[in-house]
Every structure is written in C-alpha cells, then in structure tokens.
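Protein chains: 2
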Amino acid sequence: MLSLTRKTEYALIAVCHLAHVGQKVVSAREIAEQHGMPLPLLMNVLKKLNRTGHVRSIRGARGGYVLAVSPEEFTLDALIEAVEGPVHLVRCTNADINGRKCTLANPCPIRKSVRKVHELLRELLNRITVADFAYVEPEAAQSSAKAVAQ
Amino acid sequence: MLSLTRKTEYALIAVCHLAHVGQKVVSAREIAEQHGMPLPLLMNVLKKLNRTGHVRSIRGARGGYVLAVSPEEFTLDALIEAVEGPVHLVRCTNADINGRKCTLANPCPIRKSVRKVHELLRELLNRITVADFAYVEPEAAQSSAKAVAQ
DNA sequence: TGAATATAGCATCGGACCGGTACGATTTCA
DNA sequence: TGAAATCGTACCGGTCCGATGCTATATTCA
Ligand code: FES
Ligand code: FES
Numbered sequence: 031m032l033s034l035t036r037k038t039e040y041a042l043i044a045v046c047h048l049a050h051v052g053q054k055v056v057s058a059r060e061i062a063e064q065h066g067m068p069l070p071l072l073m074n075v076l077k078k079l080n081r082t083g084h085v086r087s088i089r090g091a092r093g094g095y096v097l098a099v100s101p102e103e104f105t106l107d108a109l110i111e112a113v114e115g116p117v118h119l120v121r122c123t124n125a126d127i128n129g130r131k132c133t134l135a136n137p138c139p140i141r142k143s144v145r146k147v148h149e150l151l152r153e154l155l156n157r158i159t160v161a162d163f164a165y166v167e168p169e170a171a172q173s174s175a176k177a178v179a180q
Numbered sequence: 031m032l033s034l035t036r037k038t039e040y041a042l043i044a045v046c047h048l049a050h051v052g053q054k055v056v057s058a059r060e061i062a063e064q065h066g067m068p069l070p071l072l073m074n075v076l077k078k079l080n081r082t083g084h085v086r087s088i089r090g091a092r093g094g095y096v097l098a099v100s101p102e103e104f105t106l107d108a109l110i111e112a113v114e115g116p117v118h119l120v121r122c123t124n125a126d127i128n129g130r131k132c133t134l135a136n137p138c139p140i141r142k143s144v145r146k147v148h149e150l151l152r153e154l155l156n157r158i159t160v161a162d163f164a165y166v167e168p169e170a171a172q173s174s175a176k177a178v179a180q
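Residue numbers (my numbering), protein chains in the order written: chain L, 31 to 180; chain S, 31 to 180.
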C-alpha cells in the first residue's frame with residue numbers, strides 16, 4: 031500500500047505543533063481543536079509517543095505535552111516506527127513478520143535487490159526530520175525543500 | 031503502513047523472470063512453480079499487468095506471457111501503480127482519496143512539506159527499474175546496488 | 001478536602017482492504 | 001474434438017486501521 035497511516039499524519043501535525051510552541055505545555059484538547067482532529071485519536075497517538083520518549087506528558091489540570099527531543103534529531107523514520115511499528119517493505123526485508131517466515135522458494139531472486147531498495151527508503155526517511163515540517167505555515171516551504179532535497 | 035502489497039511482490043518476481051528469459055513465452059504455471067507462488071494469485075497479477083500493457087499475453091495451449099516493455103524503462107513506480115493503484119502517501123498529497131476530501135483544518139500545517147516528501151519518494155521509485163532487479167541470481171547484486179545507488 | 005482537569009491503559013467494535021479461492025468463458029494447438 | 005492456458009468476474013475470510021468507551025491515576029485549584 032505504500033502509504034502512511036492516519037495515526038502518523040496526526041502524530042506529525044501534533045509534533046509540529048509542539049515544536050512550534052517551544053517548551054510551553056499544550057494539552058491534547060488544544061491541539062486537536064486547533065487542527066480539527068478527533069481528540070481521542072490524537073490522545074492515542076500522543077500516548078504512544080510518550081511511551082517511546084519522544085514527548086513528555088504532564089498529568090493533571092493544566093497538564094499536557096511537551097516535545098522531549100529536538101526537532102532536528104527527530105527523524106520521520108523514528109516517528110513512523112514509534113506510531114505504527116517498524117517499516118516492512120516486503121516480507122524478506124525484515125527477518126520474519128509476525129513469526130511467519132516467507133514461504134516462497136528461498137532465496138527468491140529479488141531478495142538482495144529488494145533489501146537495497148528498503149535501505150534507500152530508510153535513508154530517505156532518516157534524512158527527513160520534524161524540523162523540516164515545523165515552522166512552514168502558509169507558502170514558505172523553501173527552507174524545508176532545501177533541507178530535504180539532499 | 032508503508033509497505034508493498036504481496037501482489038507487488040509477486041509481480042516483481044514474475045517480471046524479473048520474464049526479463050530473464052528474454053522473448054520466450056512463459057506460462058504463469060511455470061513461473062509460479064519455479065518460485066513457490068500460488069498460481070491463481072500470480073495470474074491475477076499478470077492479468078493486471080496485461081491490461082496496463084506491461085506484459086503481452088498469448089492465449090491457448092503453449093501460451094503464456096512476454097514482457098512488453100524494456101526492463102530499463104519499467105520503473106518500480108509504474109509497476110506499483112499498475113498492480114495496486116497510485117501511491118498515496120497521505121490524504122492531502124493526491125487531491126482526494128475515494129472521493130472523500132480531507133476533513134482536517136485546511137490547509138493543515140504539514141501540507142506543503144508532506145507533498146515534498148511525496149515527490150522525493152516518487153523520484154526514488156522512478157529511479158529504480160526492473161533491470162535493477164533482474165539478473166541478480168545468488169549473491170552478485172553489485173550491479174544492481176550500483177545502478178540503484180544513484 | 002473536594003471538584004475539575006487531563007493523561008494512562010485497556011478493551012471493544014465496525015469497516016476497509018488485502019490475500020486467497022472459485023467458476024465459467026474464450027482462445028489456441030495437438 | 002479435447003486439452004491447455006489465459007480472461008473476467010465474483011466471492012469469502014482475516015487482518016489491521018480507525019474510532020469509541022470506560023476506568024484509573026495524577027495534578028491543580030477553590
Ligand atoms: S520474498 Fe521471501 S526471500 Fe524474498
Ligand atoms: S492532511 Fe489534509 S491538507 Fe494536509
């Protein structure tokens with residue numbers, strides 16, 4: 031399917047929001063309302079990001095979330111892995127998926143090449159960071175374009 | 031989910047097989063048996079590739095399939111689009127998905143950046159061709175590695 | 001101290017889509 | 001004519017995402 035899940039989309043927006051406000055504590059409700067996201071879904075995502083240590087949670091009244099890592103070091107690859115688990119391009123890139131091993135005639139002819147593609151994808155995702163997404167409000171996406179381009 | 035479907039996996043192996051034998055006609059059964067793939071699934075995939083014109087089908091006894099495009103011009107992007115439809119990284123990269131428009135507060139702050147990432151992914155997929163996958167049997171994947179690397 | 005706020009954790013449910021199967025029709029060759 | 005092979009379509013089950021609900025816990029504030 032080669033697409034990001036909606037959770038990753040929510041996570042990306044939320045993390046950008048947190049990066050934008052700096053060290054101020056922002057509640058999930060506030061983020062959700064500001065971007066038209068369903069609150070419970072966003073909370074699920076933020077809980078996961080809290081467990082992986084990418085955001086810090088403050089409970090209680092006037093609580094909320096704060097970004098726990100610097101936007102420049104928070105890669106898209108890490109965000110995806112935190113929210114939706116490790117990336118499996120196809121079965122044979124990662125040893126086995128859900129304990130089931132590949133049933134094709136091993137090794138299949140595309141095995142090595144597909145791993146190479148997998149590595150290229152990971153490299154791409156590791157070059158992109160949250161800092162590339164944050165702070166680009168309306169049309170000034172040039173800084174992002176430059177940073178991402180290579 | 032950021033992963034290829036199993037259909038794409040089958041398609042990739044089959045197309046590599048066809049590229050490997052040149053212009054010889056090979057039946058779906060033969061390809062399936064040789065790589066331990068379920069025959070009906072492979073046929074479904076080959077039908078799609080036939081409709082998109084990437085392989086040519088010959089019906090009847092002693093029929094089968096022949097690659098209809100050169101491996102060097104058959105990009106991974108085209109193969110994915112043929113088998114599983116166009117790539118949608120997230121909702122806002124392609125205008126609308128299944129007729130449903132994005133319900134987030136428009137435009138969301140990550141809109142421009144995510145499109146840029148989408149473009150980078152498409153570029154990566156367009157640099158990789160079937161020729162990079164074919165002809166790498168056991169361990170001699172160096173030619174592929176080189177061709178893919180940049 | 002008590003009420004309000006806000007996150008943590010878990011469990012559940014519905015729907016979409018992939019993976020797989022089945023059947024009949026069509027075409028070609030022996 | 002019969003066997004081999006593709007073509008088209010339809011169907012079914014499993015998995016996983018998207019979404020919802022409830023309870024527990026921690027903090028703030030009156
Ligand atoms: S798909 Fe299993 S080894 Fe390549
Ligand atoms: S997710 Fe809809 S505009 Fe970006």
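C-beta: ideal position from N, C-alpha, C; glycine also.
In the three-state DSSP reduction, S/T159 falls in the strand class (E or B).
One finds L32 in chain S with Cβ atoms closer than 7 angstroms to the Cβ of L/I110, taken in chain order. Within chain S, no C-beta atom comes less than 8 angstroms from the C-beta of L/G52; the nearest is roughly 15 angstroms away. Runs of the alpha helix (DSSP H) lying entirely within the segment 91-122 of chain L and spanning at least 4 residues, in chain order: 106-114. Annotation for L/V147 indicates a beta carbon at 8 angstroms or more from all heavy atoms of ligand 1. DSSP links L/R86 through a beta bridge to L/V96. Annotated three-state conformation of S/V56 is strand, per DSSP. Only those residues of the segment 71-93 of chain L whose C-beta falls short of 7 angstroms from the nearest C-beta of chain S would be listed, and there are none. Flagged as an interface residue toward chain L: S/L42, by a C-beta distance shorter than 9 angstroms.
Rounded to whole angstroms, the Cβ separation of S/A49 and S/V160 is 6 angstroms, and the two are in contact under 8 angstroms. The three-state reading of DSSP puts S/I140 in coil, since its state is none of H, G, I, E or B. Between the C-alpha atoms of L/A98 and L/G83 there is a straight-line separation of about 7 angstroms.
Boundaries of the alpha helix (DSSP H) around S/C46: R36 to V51. The three-state reading of DSSP puts L/L71 in helix, counting H, G and I together. Of S/F104, S/R86 and S/P68, the smallest CA-CA separation from S/V55 is found for S/R86. Using a Cβ distance threshold of 9 angstroms, L/L71 and L/R36 count as a contacting pair.
Between S/L34 and L/L119, the gap from beta carbon to beta carbon is short of 9 angstroms. Out of L/S57, L/E63 and L/S100, the CA that lies nearest to the CA of L/G90 is found in L/S57.
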